[in-house]
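Going down the list, the protein sequences come from chains A, B and C.
Counting along the first sequence from 1, when you hit position 5 you're at 116 in the working numbering, and nothing is skipped either side.
Counting along the second sequence from 1, when you hit position 100 you're at 813 in the working numbering, and nothing is skipped either side.
Counting along the third sequence from 1, when you hit position 222 you're at 229 in the working numbering, and nothing is skipped either side.
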Amino acid sequence: MAKIQLKDVYKAYDGKEVLKNINITINEGELVALLGSSGSGKTTILHGISGIINFDLGNILINDQIINEVPIQKRNSVMVDQSLLLFPHMSVESNIAFGLKMRKKDKRYIRRKVDELIELVELKGHEQKFPNELSGGQKQRVAIARALAVEPNVLLLDEPFSKLDINLRKNMQVFVKNLQRKLNMTTILVTHDKEEALSMADRVALLIEGQIMQYDKPNKIYERPATKQVSDFFGKRNYISGTIKDGSFITKLGVFKTTFKDCDNITFVLRPEEINISNKSDFSINGIVESKVYLGDKIVYTINALNQELYCSTYGSKNFDLKSEVFINLDFKNAHFFK
Amino acid sequence: MNKLKSKIKPYVMLLPVMIFIIGIFLTGIIFGLLQSFGYFPAVGLHTLTIKYYKEIIMNANFLSSLKFSFYISFVSSMLSVILGVFFSYVLIFNKKGNNGGLDGMYKLPIMVPHTIAALLIFMLFTQSGLISRVLYTLGIISEMKDFPPLVFDRRGFGIIFAYIWKGLPFITFVTYDILKNINNRYSKIASNLGANNLQIFWYVLLPLLMPTIASGFIIIFAFSFGAFEIPYLLGPSTPKAMPILSYIHYNSINLADRPYAMVMNMCITLCSFVLVGLYLWAFQFIKKYNN
Amino acid sequence: MKTKIIFKYIIIFFLILPLFLMVGWSIASSWPWPVIIPREFTLRGFAYTLSTSTQGFIILLRSVILSLIVTLITLIISIPAARAIAFYNFRGKTLIKVLILLPLIVPILSVAMGIHLSFIRLGFANNYIGVILIHVIPGIPYGVKILLNIFEINGDKIEIQGRVLGATPLQVMRHITIPLLTPGLIIAGSIIYIISFSQYFITFLIGGGRIVTYSMMLFPFVESGDRTMASAISIIFILSIIIVLIISEKLVGNFYARSSKYYV
C-alpha cells in the first residue's frame, strides 16, 4: 500500500501523442478511477505504472521514490486485466500462489496467505478447480486474489468488469469496493463506464485525448464540472448563456430571477432533470416535443423552445406526445455555471 | 426422410477417406497382424500361433535391433524437441517476426526428404567429410583417421544427427505459433506478478506448450522408429535398425520368413501405440483446462 | 538476450550449412581431403539428371505428375471428411478421428508390407495405381487435420449467412467455402506433395522396382556415396519441389484473387 504519483508524464506512439503532461497523485488507500472513452490514454497510464511499457518523459513515484527504472517483475504494481488471464493450467490455488512462488516465499507462508485470500474472496471449496470450471464472477475473484497475494503497492484494475453481464457487474463492483476499503488498498480503476467510476471511486480523473481534464470527488466532477467538455462527458446538458443585471438573468429564453451578482457573460449548466416539463400552462416557456426516448425509469425529451434545443427528462407516469406543445420551467437553484 | 438423410450425410462425406483408411491402411495392418500370428494362406499357413513372437523375442539379433532403434529414436527425438522448443523460444523474441529472411530459412530442412538428409549428414560427418576437413585445417587433427567415425558407427551418431536435422525444424515449426500466442497472452501478466524470464518459461510457457511438444515428439519418434531410409543409408551393419531387419526377412526368398517381418512390424507399431497411450494418460487432465 | 541471439544463429548455421555443402559437391569433380574448397568443377551431375538420354528428366516429370495426382486425390477426399468432422455430430466420430490420424503414428512400412500381397492379387502392384494408392495414406492425416482446423476456425456461420442471402449450395461452395479454404488447401497440398515426392521405400516395395520415381533414382547414388551425382540430383529434387509449390500457390491464389475481384 502506497502513495502513487505521476509527474509530467508523456507518451507517444509513432509520433502520435497518447499522454500529454499527466500529473496525478493517488493517496494511500484511495481508489481512483481513470475515466475516459477508448483511446483516451487511460490504459496506457496503467501499463506505464505496472512497467509493461515505459513512459517517454516524466516520473512515476511510489512513496516519493522514483521507480521509472524498476523492472516489471520487481515493481509490485499488479494489474488485473479485463480478460483476467488466469493461467489455464493451474488450479485456483496455484493461480493465487503464483506471485509468491515466483518470489520464492516460504511454503508455509504461501499456504497461509492463499487460504486467507480464498476466504477473503469467498472461494472456499473451489481451491482445486481449474479456471474454465469457474463462473465469470469466480474467475474475477481469483484474478483479484492472485493480484492481492503479492501485497502490491497498488492494485491496477483495467476495465475488470466489462466482460461481465450487468447484474454480476454490479455485484462485483460492490464486492471489490468493500474489499478495497477493508484492506485499505491503493487502487487505480480504469473504466469507460461513468456509473462505475462515480459509484466506486474516491476520486475520479477524467481523461480526454491524453489529458486529465478534471480530477475530483465523484459528486464534484458530476455536479461541478470544470469545463464544458467534462460536463458533456457525463451526458446531455443544457447550456444557457446570458447576462446578469440587478438580480435578473437575461437570456434568449426569457428573464429569470437570481441572487447572483452582475455579470456580462455567464453560462449556466442545467442537467435534464433540472428542467421541469408540464402540459398545462403553469410554466412560462412553451415549446414543441421534437423527440422522445423511453428509458424505462425515465423518458428523455428534446424540446424546441424559442429555437433552442433543450433536453429534459421526466420520471414516473408523466408522458408527452411527440409534436405536442409543452411548457417548461428552468430551475437555476443549484445550477452550475461557467463564466 | 430428411432426418435420415442428415444422419447419413456425415458418413457419406467420410466415405472416400474411409475407403483408403479402412481399405488400405487398416487392412494392411490387419493382414500384417494375421501373418505375424502365422495365418498366411498364400504359403499354406492356416493356424494361428504365437510361435513367431516367441522366437523373435528370444532372438538376440532382434533384441539388439530393438534396443538400437529405440535408442536412436528416443535420443534423436528428445534432442530435437529440446533444441526445437528452445529455438522456437529464441525466435519469438524477434521483433520483425519470422516470415522470410534468414530466420525463415530454418524451415528448409522440413521439405528436404530423408534420403537427402542422409546424404548431407554423410558429407558432413564421414572421416573425409567437411567437419574433418575443418578440424584438420584448424590443426586439431593431423590425419583423416584421427576423426572419429560418426557415420556407419555402432552408436548411431550419423542417424541421430540426420533425424535431428529433420526433427528440430519440424518441432520449431509446430510449436512456434502456439508459443508465440501463449507468450503474447501470458508473459506480461506473469512478469507483472513477479516472474522473471526463466520462471515465465518454466512455469507458464512450457506447461501450456506441453501438449504440442508431446504430440510433436510422438510424431517424430514414431516416424524415426519405423523409417527405413536413414538407418539404411547411415547405419552400421550391426546392429541393424528394426525396419531394416524387418525388410530383410520380408524380402527373403523363403516366403515362410515373412511372419517374422510382420512380428517386427507389429512391434514397431505397438511401441508407437504405447507412446500414444502414455500421451493420453499423461494429458487426461488437459481437458480440464483446455478451452 | 545476447546469448539467445548467438544460439539462434548457431542453430540456423547448422541447419543451413549442409545445404551449402551440397551445392559445393554438386559441381565438384575433384575435392580431395582435407581441402575446404573444391579444386576442379564439373556439371556432370546436372547433365546426367537433365539429359534426355538418361531419362533423368522424364523420371522427374513423371514423379512430379505422380505426386500431383496423389495430392489432388488426397485433398479431394480430405475436404468432405474434414467438413463432416467439423460440422456434424455422429456416432463413432472419435473413433474415425483417431483412425484418420493413425497413419501419423503407424509406420507406412508396416502398412505397405501388409497390403503388398493383396495389391499383387488385385493387380495394383508394380504399376502406378498401387503406388498412387499407397502414397495417399501418409498424406491423409495432414490433409484432414489442416482443413479441419480451417473449418473449425471459420465455422459454418458464414456459409449459413450466404444461404440466408440467397445463394444456392453450389454458389456457397464456389464463392464462400473454397475461397475461405484456399490457404489451408495450399498448406495441406504442399505437405502432401512433399511427402509423396519424398517416398522411397513404399514406392520401391509396391512399385516392385518397375515404377522408378525421382527419389528412387537418387537413392543408389546416396547409397554408393557418389557425392557429386547425389548432390546434383538432390539440388534438382529440392528445386523442383520449390518450383511446383510456388506455381501451384500462384495458380490457386490468383484464381481466387481474381474471382473475388469479379464477384465481390
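C-beta: ideal position from N, C-alpha, C; glycine also.
Close Cβ partners of residue i (< 6 angstroms) along its chain, the five nearest in sequence each way excluded
i        : result
C/SER70  : THR220 and TYR221
B/ALA671 : Because residue 671 of chain B is not part of the residues shown, which for chain B are 714 to 1004, the question remains open.
A/PHE371 : ILE355
B/SER778 : PRO952, LYS953, MET955 and LEU958
C/THR61  : TYR55
A/SER392 : PHE438
Minimum C-alpha distance to residue i - residue among the options
i        : options                                   : result
A/LEU211 : B/LEU968, B/ALA903 and B/ALA974           : B/ALA903
C/GLY260 : C/ALA119, C/GLY191, C/PHE158 and C/PHE48  : C/GLY191
B/ILE884 : B/TYR819, B/PRO754, B/TYR992 and B/SER845 : B/TYR819
B/PHE986 : C/LEU225, C/GLN168, C/ILE17 and C/LEU108  : C/LEU108
C/PRO148 : C/ILE23, C/ARG217, C/ILE185 and C/GLY196  : C/GLY196
B/LEU746 : B/THR850, B/THR762 and B/PHE930           : B/THR762
A/ASN264 : A/GLU180, A/ARG292, A/LEU231 and A/THR298 : A/THR298
B/MET836 : C/GLU159, C/LEU75, C/ILE43 and C/TYR16    : C/ILE43
C/GLY146 : C/GLY121, C/ILE115 and C/LYS9             : C/ILE115
C/SER36  : C/PHE53, C/ILE23 and C/LEU26              : C/PHE53
C/LEU225 : C/PHE94, C/LEU79 and C/PHE244             : C/PHE244
C/PHE94  : C/TYR200, C/GLU166, C/LEU67 and C/ILE202  : C/GLU166
Host alpha helix (DSSP H) of residue i (start-end)
i        : result
C/HIS123 : 115–129
B/MET977 : 971–995
C/ARG51  : 51–57
B/PHE799 : 773–804
A/GLU401 : Unbroken run through A/GLU401 is the beta strand (DSSP E), 396–405; no alpha helix (DSSP H).
A/MET283 : 277–294
B/MET665 : As shown, chain B starts at 714 and ends at 1004. That puts residue 665 of chain B outside it, with no answer to give.
Within-8 angstroms CB hit, residue i to chain B
i        : result
A/ILE272 : The sequence as given places Phe at residue 272 of chain A; Ile does not occur at that position. Not closer than 8 angstroms to any Cβ of chain B, the Cβ of A/PHE272 fails to qualify, so no.
C/GLU230 : yes
A/PHE198 : yes
A/ARG214 : yes
A/PHE209 : yes
C/GLY214 : no
C/PRO110 : yes
C/LEU26  : yes
C/MET236 : no
A/ARG257 : yes
C/VAL151 : yes
A/GLN249 : no
A/GLN176 : no
C/ARG170 : no
Sequence-distant residues of the same chain with beta carbon closer than 7 angstroms to residue i, five excluded per side
i        : result
B/LEU892 : SER801, TYR802, ILE805, LEU918 and LEU922
B/ILE873 : ILE785, VAL788 and SER789
C/ASN161 : LEU187
C/ILE6   : There is no way to answer for residue 6 of chain C, as the model of chain C reaches only from 8 to 271.
Interface flag, residue i vs chain C, CB-CB below 8 angstroms
i        : result
B/GLY852 : no
B/ALA935 : yes
B/VAL788 : no
B/ILE795 : no
B/LYS780 : no
B/PHE733 : yes
B/SER841 : yes
B/GLY751 : no
B/TYR819 : yes
Cutoff 8 angstroms: residue i Cβ touching any chain D Cβ
i        : result
A/GLN322 : Looking for chain D here will not work: the only protein chains present are A, B and C.
Heavy atom of the ligand SAM within 7 angstroms of residue i beta-carbon
i        : result
A/ILE163 : As presented, the structure is devoid of all ligands, the ligand SAM included, so that no description of it is given.
Endpoints, the beta strand (DSSP E) within which residue i is located
i        : result
A/LYS122 : 115–124
C/SER37  : 35–37
A/ILE299 : 298–302
Cutoff 8 angstroms; reference residue i; Cβ partners in own chain excluding five residues on either side
i        : result
B/ILE877 : SER789, LEU792, SER793 and LEU796
B/THR888 : GLY797, VAL798, SER801, LEU922, THR925, ILE926 and GLY929
For the region 899–927 of chain B, which residues have a beta carbon sitting closer than 7 angstroms to at least one beta carbon of chain A?
Only TYR899, LYS901, ILE902, SER904, ASN905, LEU906, GLY907, ALA908, ASN909, GLN912, VAL917, PRO920 and LEU921 from the region 899–927 of chain B bring a Cβ to less than 7 angstroms from some Cβ of chain A.
Near-chain B residues of the region 245–264 of chain C - C-beta to any C-beta below 7 angstroms:
Answer set for the region 245–264 of chain C: ILE245 and ILE248.
Give me the subset of the region 973–1002 of chain B whose CB atoms are less than 8 angstroms from a CB atom of chain C, sorted by chain position.
Those residues of the region 973–1002 of chain B that come within reach of chain C (Cβ to Cβ, closer than 8 angstroms) are ALA974, MET975, ASN978, MET979, ILE981, THR982, SER985, PHE986, LEU988 and VAL989.
Note down, in chain order, all residues in the region 824–838 of chain B with a beta-carbon under 9 angstroms from any beta-carbon belonging to chain C.
Residues MET824, VAL825, PRO826, HIS827, THR828, ILE829, ALA830, ALA831, LEU832, LEU833, ILE834, PHE835, MET836 and LEU837.
With 8 angstroms as the limit, tell me which residues of the region 390–403 of chain A have their beta carbon closer than that to any beta carbon of chain B; keep them in chain order.
When CB distances to chain B are screened at a threshold of 8 angstroms, not a single residue of the region 390–403 of chain A falls below it.
Using a Cβ-Cβ cut-off of less than 7 angstroms, give me the residues of the region 120–137 of chain C that come near chain B, in sequence order.
Cβ contacts with chain B: MET120, GLY121, ILE122, LEU124 and SER125.
Chain-ordered residues of the region 135–168 of chain A with a beta carbon less than 8 angstroms from chain B
Correct list: SER161, GLY162 and ILE163.
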